[in-house]
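Number of protein chains: 2
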Amino acid sequence: MKIIKNIEEMKIQVNLWKKEDSSIGLVPTMGFLHEGHESLIKRAVSENEHVVVYVFVNPLQFGPKEDFAAYPRDLDKDSELCARNNADVLFAPEASELYDKDAATFVNVERLTEGLCGAKRPGHFQGVCTVLTKFFNIVKPDRAYFGEKDAQQLAVVKRMARDLNFDTQIIGCPIVREKDGLAKSSRNTYLSPEERTAALVLFRSLMHAKEYILSNDNVTVQEIKSLITMEIMKEPLARIDYVEIVEGENLKEAQEMRGPLLIALAVFIGRTRLIDNISIEI
Amino acid sequence: MKIIKNIEEMKIQVNLWKKEDSSIGLVPTMGFLHEGHESLIKRAVSENEHVVVYVFVNPLQFGPKEDFAAYPRDLDKDSELCARNNADVLFAPEASELYDKDAATFVNVERLTEGLCGAKRPGHFQGVCTVLTKFFNIVKPDRAYFGEKDAQQLAVVKRMARDLNFDTQIIGCPIVREKDGLAKSSRNTYLSPEERTAALVLFRSLMHAKEYILSNDNVTVQEIKSLITMEIMKEPLARIDYVEIVEGENLKEAQEMRGPLLIALAVFIGRTRLIDNISIEI
Numbered sequence: 171m172k173i174i175k176n177i178e179e180m181k182i183q184v185n186l187w188k189k190e191d192s193s194i195g196l197v198p199t200m201g202f203l204h205e206g207h208e209s210l211i212k213r214a215v216s217e218n219e220h221v222v223v224y225v226f227v228n229p230l231q232f233g234p235k236e237d238f239a240a241y242p243r244d245l246d247k248d249s250e251l252c253a254r255n256n257a258d259v260l261f262a263p264e265a266s267e268l269y270d271k272d273a274a275t276f277v278n279v280e281r282l283t284e285g286l287c288g289a290k291r292p293g294h295f296q297g298v299c300t301v302l303t304k305f306f307n308i309v310k311p312d313r314a315y316f317g318e319k320d321a322q323q324l325a326v327v328k329r330m331a332r333d334l335n336f337d338t339q340i341i342g343c344p345i346v347r348e349k350d351g352l353a354k355s356s357r358n359t360y361l362s363p364e365e366r367t368a369a370l371v372l373f374r375s376l377m378h379a380k381e382y383i384l385s386n387d388n389v390t391v392q393e394i395k396s397l398i399t400m401e402i403m404k405e406p407l408a409r410i411d412y413v414e415i416v417e418g419e420n421l422k423e424a425q426e427m428r429g430p431l432l433i434a435l436a437v438f439i440g441r442t443r444l445i446d447n448i449s450i451e452i
Numbered sequence: 171m172k173i174i175k176n177i178e179e180m181k182i183q184v185n186l187w188k189k190e191d192s193s194i195g196l197v198p199t200m201g202f203l204h205e206g207h208e209s210l211i212k213r214a215v216s217e218n219e220h221v222v223v224y225v226f227v228n229p230l231q232f233g234p235k236e237d238f239a240a241y242p243r244d245l246d247k248d249s250e251l252c253a254r255n256n257a258d259v260l261f262a263p264e265a266s267e268l269y270d271k272d273a274a275t276f277v278n279v280e281r282l283t284e285g286l287c288g289a290k291r292p293g294h295f296q297g298v299c300t301v302l303t304k305f306f307n308i309v310k311p312d313r314a315y316f317g318e319k320d321a322q323q324l325a326v327v328k329r330m331a332r333d334l335n336f337d338t339q340i341i342g343c344p345i346v347r348e349k350d351g352l353a354k355s356s357r358n359t360y361l362s363p364e365e366r367t368a369a370l371v372l373f374r375s376l377m378h379a380k381e382y383i384l385s386n387d388n389v390t391v392q393e394i395k396s397l398i399t400m401e402i403m404k405e406p407l408a409r410i411d412y413v414e415i416v417e418g419e420n421l422k423e424a425q426e427m428r429g430p431l432l433i434a435l436a437v438f439i440g441r442t443r444l445i446d447n448i449s450i451e452i
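Those protein sequences? They're chains S and E, same order as listed.
End of the first sequence sits at 452 in my numbering; the numbers just go up one at a time, nothing left out.
End of the second sequence sits at 452 in my numbering; the numbers just go up one at a time, nothing left out.
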């Protein structure tokens, strides 16, 4: 496996592959790779002749009070994981090369980014969409793989790829969880042992909501939101950022519990902000 | 020459060319082609193995009170001009195919778009950048050709292509003028005979400013702006939209008459808004 740190070198590699007419899969990441990322890489390897995993902690998608500087980094371990899973290239450019000092161009997806994490993290999705446009233009992937844990990101990126006529198919992959149900996340490393236990409340409250929906008729959006909210409030280390139920594709607030729905949470466990979600079809 | 009206068909053609490893030149236009466009097409044909001229009156770059509906259209004549100049494809997609009803993605270039036409036409450059991103992704040009008449557009598109890592070289081509100096523009067809004569004031005032700069030492920005303003004000059919002197690359308001500068005008002649500019290096 090659490690490429330079944009021009990446473009040369991509052009060689394009000349052979071989397919390229891209797995965009911020590094500190875990089994969630690994599942994306495996899927990409199974569906494409060549796979690029990029590792880039994108300053543009962090707010001024967020954890950009603290975000965990371990390129050696990431590189082992990518090699073990037969990725062709680990692409890790420097922010100083990717963003010129006078960079002034930004990609925005409106509406879809207004609720959920978009409401809580202003500028976050502009950062995500701008950097992905850049990486799509550099790597020219046939397919790009995203985890369903960032459900809003997945919906936003699908819309962006369609709207801007990218030749890239956006593929969502199921959330990978620890044995006890906690969604895998690089941010889980921030958690103390007590917080790690408390963090289970995210998935547990979602599972209880699901059971309740499946075993009761005519439940309302407000009932389900309250059920989840109450359960999380009982956990002293948890502080709710949002509990939302939205329509599957356009992410509009659900008015009733009908159709394909997404139940999405963001919860602070101590100082660590975790997200989780489930999709249900009623 | 082929006329392609469908995005998928255009992509298939582009992929065939890419497989032969041949270069693609793109000439983006809103149609009603004149000798200005023709000069771009000739240059594109001389520098690329294949040339696509697109004709698309982009609703996104017109304000609600602007001339979108009235904008002149003549695809038959455009097609003759393209064929005569050996373009390979005239690409003329429908707005309904290019923009999905729930399209929500927009490309913005900040700062560079704040002055000049950007200040007078809110949303205009967002429309330009968004549609160009789409066409760049569809046509994948090695080079794209723009007239220097839209000097701000050229600067904005250069910045966008660099910032988003497009593999497209942005090439500016000199303004083509009528014999009496009026810059060629599809909007010149709006002018009555009296207005056509009055419209000469744009270029004339720029030429007088240039003479004054070349024959006087230590002129100030305000002197030159006043000189131009006074000359245009003497023309009863003209109404100034802006007279600006900005730095060449970043389009910041010039503080002194030094370095590469752009003197740019927008003037209403009757109801028709015309633009013109000259570059000077002092």
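All C-beta atoms, glycine included, are put in the ideal place defined by N, C-alpha and C.
As the structure is a prediction and not an experimental result, all values here were calculated from the model.
Please confirm whether residue i has its beta-carbon closer than 9 Å to some beta-carbon of chain S.
i      : result
E:F316 : no
E:K181 : yes
E:D272 : yes
E:I194 : no
E:R329 : yes
E:I174 : no
E:K189 : yes
E:V279 : yes
E:F336 : yes
E:R428 : no
E:N228 : no
E:K304 : yes
Short check: CB of residue i to CB of residue j, under 9 Å?
i      : j      : result
S:E348 : S:I439 : no
E:S375 : E:G418 : no
E:A274 : S:R291 : no
S:V416 : S:L397 : no
E:K319 : E:N447 : yes
E:C343 : E:I445 : no
E:A314 : E:Q296 : no
S:I161 : S:A353 : Any question about residue 161 of chain S goes unanswered here, given that chain S covers just 171 to 452.
E:E414 : E:K395 : yes
S:F232 : E:E280 : no
E:Q183 : E:I174 : yes
S:L282 : S:L421 : yes
S:A240 : S:Y360 : yes
S:V215 : S:N255 : yes
Looking at the C-beta of residue i, does it have a partner C-beta in chain E at a distance below 9 Å?
i      : result
S:K354 : no
S:T399 : no
S:L282 : yes
S:R291 : no
S:R313 : no
S:L286 : no
S:D446 : no
Measuring only the C-alpha atoms, how far is residue i from residue j?
i      : j      : result
E:T199 : S:L372 : 53 Å
E:S385 : E:N176 : 55 Å
E:E426 : E:T390 : 6 Å
E:Q323 : E:E219 : 26 Å
E:D237 : E:T442 : 9 Å
S:L435 : S:E208 : 23 Å
E:P242 : S:A379 : 59 Å
E:E284 : E:G201 : 26 Å
E:V222 : E:H204 : 16 Å
E:L230 : E:L370 : 30 Å
S:E146 : S:W187 : Since the first residue of chain S shown is 171 and the last is 452, residue 146 of chain S is not available in this structure.
S:R357 : S:D350 : 17 Å
Mapping DSSP to helix, strand and coil, what is residue i?
i      : result
E:D258 : coil
E:D446 : strand
S:P229 : helix
S:R291 : coil
S:G297 : helix
S:H220 : strand
Taking only heavy atoms of the ligand NAD into account, decide whether any of them is closer than 8 Å to the Cβ of residue i.
i      : result
S:V298 : Of ligands this structure carries none, so the ligand NAD is not represented either.
Three or more C-beta pairs below 8 Å linking the stretch 190-200 of chain E and the stretch 265-275 of chain E
Taking 8 Å as the limit for Cβ pairs, the verdict is that the stretch 265-275 of chain E does not touch the stretch 190-200 of chain E.
Touching or not, the stretch 319-336 of chain E and the stretch 256-263 of chain E, by the rule of three or more beta carbon pairs under 8 Å?
Segments in contact, no.
For the stretch 298-317 of chain E against the stretch 242-249 of chain S, are there 3 or more C-beta pairs whose distance is under 8 Å?
Because the criterion of three Cβ pairs below 8 Å is not met, the stretch 298-317 of chain E and the stretch 242-249 of chain S do not touch.
Cβ contact check for the stretch 217-229 of chain E and the stretch 294-303 of chain E: 3 or more pairs under 8 Å
When C-beta atoms of the stretch 217-229 of chain E are compared with those of the stretch 294-303 of chain E, three or more pairs fall below 8 Å, so the two segments count as touching.
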